[in-house]
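If you're matching positions, the sequence shown starts at -3 in the numbering used here and goes up one per residue.
Below is one structure, written out as structure tokens, with a few remarks after it.
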Amino acid sequence: MNQPDETTHFGFREVPLGDKQTLVNDVFRSVAQRYDLMNDLMSAGLHRVWKDLMINALNPPRGDTPFALLDVAGGTGDIAFRAAKAAGVGFQATVCDINADMLQVGRERAASRHLDDRVSFVEGNAEQLAFPNNAFDAYTIAFGIRNVPRIDLALSEAFRVLKPGSRFLCLEFSAVDVPGLDRIYDLFSFKIIPPLGRAVTGDADSYRYLVESIRKFPKPAAFADMIRAAGFSRVAWQSFSGGIVALHSGWRL
């Protein structure tokens, strides 16, 4: 059990560990309806390229081979829809997200794309998944794991629900490693994104948290160590766009 004085970060603030999930839920409840539009604006559309690179790495089978994907913290369905488009008729995705507002957006989008027979949506916590052992052929999480209060528990759960021989893929913001770009990136992040969030969603504070949470997330090598500690093998990562994002990979062997 958690000790009463345990704390964690919520952006640059220290908060009681038990409070972080509620605070994160409030962020995504506030921005759910404009979440994908803000992703386009904040990344100048690059998030689409990064997600396509993730799907290329996933490489779901194109034929009728059964393939079960679990996409965690992907409530609006972006990753699951891309995977379904790339896959064959044997593909099924389960989107698991703790935020009901994000899931509702995803369900509406799935219906409008006629994908509701291939992509299902389940409310659940990444730290305690309500799925049996060895249930999925792949686990994806895009721009979500840094919002999980106990990342180690989420990684352990990912390992548990994957079949032997299956892959874990995590796309997450990272540490800019190009001199000069880091200063531009910080200026854009702290001076432009929160006011943009206020203009588009009416909420600057949520986007200030999202910017701060990126700076608190472990560097790629440290996160890779966490993935290994959860039991994964052949752990690797690849940086994109000067280190703005990284795609992390591990195998459940």
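We put the beta carbon where it would ideally sit given N, CA and C, even for glycine.
Could you please give the first and the last residue of the uninterrupted alpha helix (DSSP H) stretch that includes His43?
Start and end: Leu42 to Leu54.
Does Glu10 come out as helix, strand or coil in the three-state DSSP assignment?
Strand, per DSSP.
Since Arg248 and Phe139 are thought to touch, with beta carbons under 8 Å apart, how far apart are those beta carbons, to the nearest angstrom?
Contact doesn't hold; Cβ gap of about 22 Å is too wide.
Measure the alpha-carbon distance for Leu111 versus Phe77 and round it to whole angstroms.
Cα to Cα, Leu111 sits roughly 8 Å from Phe77.
By Cβ distance below 6 Å, which residues in the same chain neighbour Ile180 in space, the five residues on each side in sequence not counted?
Around Ile180: no qualifying Cβ.
Between the C-alpha atoms of Met34 and Val91, what's the straight-line distance to the nearest angstrom?
About 21 Å.
Taking the straight line between their C-alpha atoms, what separation do you get for Gln29 and Gln100?
Each residue's alpha carbon lies about 9 Å from the other.
Going by beta-carbon coordinates alone, are Leu158 and Phe132 separated by less than 7 Å?
Closer than 7 Å, so yes.
Can you grab the Cα-Cα spacing for the pair Trp233 / Ile141, in whole Å?
Going by the C-alpha atoms only, they are around 15 Å apart.
Applying the criterion that 16 or more other CB atoms from any shown protein chain within 10 Å of the CB defines a buried residue, is Ser209 buried or exposed?
Buried: at least 16 other Cβ atoms inside 10 Å.
Would you list the one or two residues that DSSP bridges to Val91?
Bridge partners of Val91: Asp67 and Phe117.
Residues in its own chain within less than 7 Å of Ala220 by CB, not counting five upstream and five downstream?
Counting only Cβ-Cβ distances below 7 Å, and skipping sequence neighbours, we find Val231, Trp233 and His244.
Could you have a look at Glu153 and say whether DSSP puts it in helix, strand or coil?
Residue state, collapsed to three classes: helix.
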